[in-house]
Every structure is written in C-alpha cells, then in structure tokens.
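Take the sequence shown: its letters are residues 0 to 429, numbered as in numbering that gives the first Met the number 0.
Built from N, CA and C at the ideal position, the CB exists for glycine as well.
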Amino acid sequence: MKTALIKHLSSHVGEQVTVQGWVYNQRSSGKITFIILRDGSGLMQGVAVKQEVGETLFGEAKKLTQESAVKLTGIIREEPRSVGGYEMQVTGLEIVSIAEDYPITHKEHGVDFLAEHRHLWIRTPRQAAVLRIRSEIEHALRNFFYERDFVLADAPIITPAACEGTTNLFEIDYHGEKGYLSQSGQLYNEANAMALGRIYCFGPTFRAEKSKTRRHLLEFWMIEAEMAYFDLDANIELQEEMICYVVQRVLNKCQNELKTLERDIEKLKAIKPPFPRISYTEAVELLKQAGEEFTWGDDFGAPHETIISNHFNAPVFVHRYPAAIKAFYMKPDPDNHQVVLGADLLAPEGYGEIIGGGQRIDDLALLEQRIAEHKLPQTAFEWYLDLRRFGTVPHSGFGLGLERTVAWLCGLEHIRETIPFPRMLHKMYP
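Structure representation (structure tokens):
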C-alpha cells in the first residue's frame with residue numbers, strides 16, 4: 000500500500016493510501032469514530048464508520064489513546080471543514096503501540112510543567128510549527144549563501160582563546176590545558192575567508208551569561224559569514240538581502256505553520272529593502288528624544304533596542320558603535336577613531352539584535368595594540384596575527400542568531416520555544 004505524508008494529501012484525493020503517525024485526539028459518536036492523526040508534517044482526520052469497517056476494526060479504533068502509534072489506511076477526500084482540509088475514509092487500521100496515559104492533555108498546562116516535559120511538548124501543533132519554520136529558515140540561509148558562491152567552512156567548537164574575553168565562556172579541561180566552548184567561529188572564519196574568499200559557518204555557540212531574560216540561551220546556533228574584500232557598506236547590503244530572502248521564503252513555504260501560530264503576516268510582508276540605517280550617536284539622540292536617560296558610550300539594553308526599532312517599525316541597522324564597547328578586532332572608523340566600522344541589525348516588534356557584524360582590523364600593528372589593550376594573551380593569537388602578516392586585505396563579516404530570528408518571524412514571546420531542547424540558566428533537563 001502506498002504511504003503518504005499528511006502535507007501531501009492534496010496529491011492523493013480519490014486514492015487509497017496509508018498514513019503512519021500518532022493519535023493526536025480521538026472521539027466517538029456511537030457508530031462513527033473520528034481519529035485526528037499527526038505524522039510530523041500536519042494533522043489529518045480519519046473517519047471510521049462501524050457499518051463500513053466492521054466490528055473488529057471499529058473496536059480496535061475505540062481502544063486508541065492519545066499518542067498511540069498507528070497506521071491508518073483509507074480513501075482521501077477533500078473536506079474543507081476538516082483539520083488540514085482533507086479527510087480519510089478509513090478502511091484499515093494497524094496499531095503499532097498503545098500509549099500510556101499521556102501527561103500533556105488538551106487542557107492548559109503551566110510553562111514549568113511543559114518545560115519539564117519538553118521532549119513531549121514539541122509534539123503539539125504549535126511547537127511543531129515553530130520547529131518546521133526553524134528548519135525552513137536554516138534551509139533558506141544555506142540556499143542564500145550557496146547561490147552566492149559562498150563556501151561552507153565549519154569552525155571548531157573547542158577553542159584555546161576567546162573572541163571577546165573569557166568572562167562569559169564555558170571553560171573546559173582539554174587534557175591538562177585550558178580550553179573554552181566557542182562563543183563564535185569568527186576568528187577562524189577570517190582564516191577560512193583568506194583561503195576561500197567568501198565563507199560561512201553554521202553551528203552551536205555557548206555563552207555562560209547568568210541571564211534569565213526572554214532573549215537569552217546559554218547554547219544557541221549562529222550562522223556567521225566572512226568575506227574578503229568587503230567593506231562595512233557591502234557587508235550591510237548583503238545582510239539586508241539575506242533577511243529579505245529568508246522572510247520571503249518563510250512567507251512562501253510556511254503558510255500553514257504561520258496560521259497555526261496566528262502570526263500577523265502583514266508585518267512580515269512589510270519587510271522590504273532598504274532598511275533604515277542610523278549611527279549609534281543618532282540612536283542615542285533618538286533615545287533622549289523619547290525621554291530616556293542614556294549616556295553616550297553605554298551599550299544598549301533590550302528596552303533601548305525596542306524604542307529604536309519601534310521608531311522605524313522595520314529592521315534597522317545601527318552602525319559605528321563606540322570602540323570601547325566592541326570587540327578588539329573591530330576596525331576603527333578612519334574619520335573618527337572613537338567609533339568602529341561595525342553595525343547591529345535590530346529586528347522590529349521588540350525582538351532586539353539579531354545580527355552583529357562589521358569590518359575587521361587588517362593592520363598588524365593596530366591589531367597587536369588592541370590585543371594588548373584588552374589584556375589578551377598575544378601568544379594565543381599568533382595564528383590570527385599571521386592573517387595580517389601574510390596577504391592582509393580589507394574584510395568584513397557578521398553573525399546571525401538563529402533563535403532570535405526564529406522568535407521574530409514566528410512572533411514568539413520567549414526564546415525557549417525556538418529550539419528543540421533549550422539550555423537556559425539552571426535549566427539543562429531534558
């Protein structure tokens with residue numbers, strides 16, 4: 000018997016197929032049993048009529064509990080009133096396993112309870128929709144770079160030194176040597192870019208910040224790009240193009256998921272280039288005009304980012320931050336050495352920074368000076384300094400936080416729902 004995914008049932012109208020999945024819900028009205036089945040791609044209603052399927056099969060159908068594993072066989076028909084728009088007239092049923100009493104019923108549950116049962120919570124339609132959108136975003140990002148001749152060059156997760164200081168890093172014992180879980184692949188990306196021109200890496204990163212905000216995870220995924228011969232302007236233009244590409248992909252490919260999440264897609268449809276661009280100094284003035292007490296030289300907090308993005312109601316690039324609050328490798332603006340050629344992209348609707356990037360220092364002497372100023376061990380960065388000794392060129396890059404991007408596009412209140420198994424402060428189970 001031909002098997003089919005629920006998402007493809009529109010191609011099987013009038014055919015007899017088998018759908019393999021799990022019982023999401025079941026109800027009976029005497030001589031008819033309605034089985035809502037999920038298979039990971041969607042939901043489908045199967046209708047078993049006692050008179051048509053016989054006493055034995057009908058009795059088996061009534062045994063089914065929530066999350067029992069089954070294979071349903073039947074004729075597919077279009078039914079606009081049914082979940083998913085299609086329905087199966089059941090002709091056969093095979094029980095793979097009967098589930099015990101399922102903890103997550105169809106009533107309301109508290110967040111703490113759901114977090115403890117995250118391995119089961121991800122089966123619910125809303126959580127599954129988020130994870131499918133996450134998958135589509137990842138595919139879109141990879142496609143974007145592939146279509147533009149970027150090479151995927153993975154960076155190591157275990158590193159001997161930190162990109163931005165060791166305060167927020169997880170330290171490990173690497174066979175008697177001190178090592179760290181990576182907070183960014185960027186330094187290695189620069190080496191790869193000098194070899195391959197345009198590259199990106201995609202992997203997990205770790206930051207041991209003792210933060211419990213709705214925007215923070217201790218383990219998250221980043222896609223980081225690095226481009227030889229790109230200045231800050233070219234870097235920003237690439238990011239803008241990438242964001243628009245991803246938004247359109249989600250709108251085109253994830254309509255059902257966005258509907259499940261009740262996402263206001265008009266806000267996503269409004270994402271069009273060019274994005275506003277303002278300097279850090281202009282952003283500070285904007286905050287003061289909004290009644291905020293803010294000192295030039297401080298870093299923006301979440302409330303500040305929200306005020307800035309709400310002013311434009313669009314993704315906005317904030318560029319040329321003070322050098323004192325940015326990483327040692329950021330290139331100073333030749334017109335004002337107090338600020339660097341860096342930019343953050345703030346997402347609208349209060350979702351904050353989703354991209355950080357900029358132009359790197361390509362001068363050996365200046366980079367050595369910055370490493371010393373930041374009190375970093377130069378010996379750990381000799382290989383990185385070699386990139387300036389042997390064929391140095393202007394180059395730029397950026398990193399996009401996947402989970403914050405998922406939260407924005409899905410319209411989620413908390414970042415914990417953007418990844419299958421979130422790692423948060425004091426939360427490592429399951």
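How many whole angstroms separate the CB atoms of residue i and residue j, which I take to be in contact at a CB cut-off of 8 Å?
i    : j    : result
K49  : K30  : 4 Å
N167 : E218 : Not a contact, Cβ separation roughly 13 Å.
T64  : I97  : 6 Å
V339 : K325 : 5 Å
L92  : E59  : 6 Å
P419 : I222 : Not confirmed; about 18 Å, so no contact.
A323 : I306 : So it is not a contact: roughly 22 Å between Cβ atoms.
I156 : G202 : 7 Å
H174 : P429 : No, H174 and P429 are not in contact; Cβ-Cβ is about 30 Å, not under 8 Å.
Y328 : I360 : 6 Å
A190 : L386 : 6 Å
N24  : H105 : 7 Å
Could you give the residue range of the beta strand (DSSP E) that holds residue i?
i    : result
M423 : Per DSSP, M423 belongs to no beta strand (DSSP E) and is neither H nor E.
T404 : From DSSP, T404 is part of no beta strand (DSSP E) but of the alpha helix (DSSP H) over L401 to C409.
L195 : Not the beta strand (DSSP E): L195 falls in the alpha helix (DSSP H), residues Q185 to L195.
H336 : N335 to V339
T90  : Y85 to S96
W21  : Q15 to S27
Q358 : G351 to Q358
M226 : E218 to A227
V497 : Absent from the structure is residue 497, since the part of the chain shown begins at 0 and ends at 429.
D172 : E170 to Y173
Exposed or buried, what is residue i when buried is set at 16 or more other beta-carbons lying within 10 Å of its beta-carbon?
i    : result
P333 : exposed
W382 : exposed
T72  : buried
Q377 : exposed
F112 : exposed
T80  : What sits at residue 80 in the sequence shown is Arg, not Thr. R80 should be labelled exposed.
L365 : exposed
S308 : buried
K374 : exposed
H176 : Sequence check: residue 176 is Glu here, not His. That one is exposed.
R369 : buried
T212 : exposed
G41  : buried
E66  : buried
A160 : buried
P421 : buried
From what residue to what residue does the alpha helix (DSSP H) around residue i run?
i    : result
Y145 : P124 to E146
V245 : L231 to K252
V266 : Per the sequence shown, the amino acid found at residue 266 is Lys instead of Val. Note, K266: alpha helix (DSSP H), I264 to K268.
A313 : Counting along the chain, A313 falls outside any alpha helix (DSSP H), and DSSP gives it neither H nor E.
I370 : L363 to E372
K62  : K49 to K62
D111 : V110 to E115
Q288 : Y279 to Q288
Y383 : E381 to R388
Keeping to the same chain, check which residues put their C-beta closer than 8 Å to that of residue i; ignore five residues upstream and five downstream.
i    : result
N234 : M226, A342, G356, G357, Q358, S395, G396 and F397
P273 : E239
G13  : I74, I75 and R76
G390 : M193
V249 : I132, E135, I136, A139, L257, L267 and L408
Residues in its own chain within less than 7 Å of residue i by CB, not counting five upstream and five downstream?
i    : result
I353 : L344, A346, L399, G400, R403, T404 and W407
R125 : T259 and L260
D148 : R197
D230 : Q358, P393 and S395
A282 : I307 and V317
P331 : A322 and V339
Is residue i close to chain C, meaning its C-beta is less than 7 Å from at least one C-beta of that chain?
i    : result
F143 : Here there is only one protein chain, and chain C is not present.
Spatial neighbours of residue i within its chain, please: CB distance less than 6 Å, with the 5 preceding and 5 following residues excluded, ordered by chain position.
i    : result
E416 : V129
W220 : P203 and L401
Check your understanding: Is the region 17-25 touching the region 58-71, taking contact as three or more C-beta pairs under 8 Å?
Key -> yes
*For the region 73-93 against the region 44-61, are there 3 or more C-beta pairs whose distance is under 8 Å?*
yes
field: At least three beta-carbon pairs within less than 8 Å, the region 183-190 to the region 121-138
entry: no
Q.
Three or more C-beta pairs under 8 Å: does that hold for the region 139-151 against the region 185-202?
A. yes
query = Is the number of C-beta pairs between the region 245-260 and the region 117-133 that are closer than 8 Å three or more?
reply = yes
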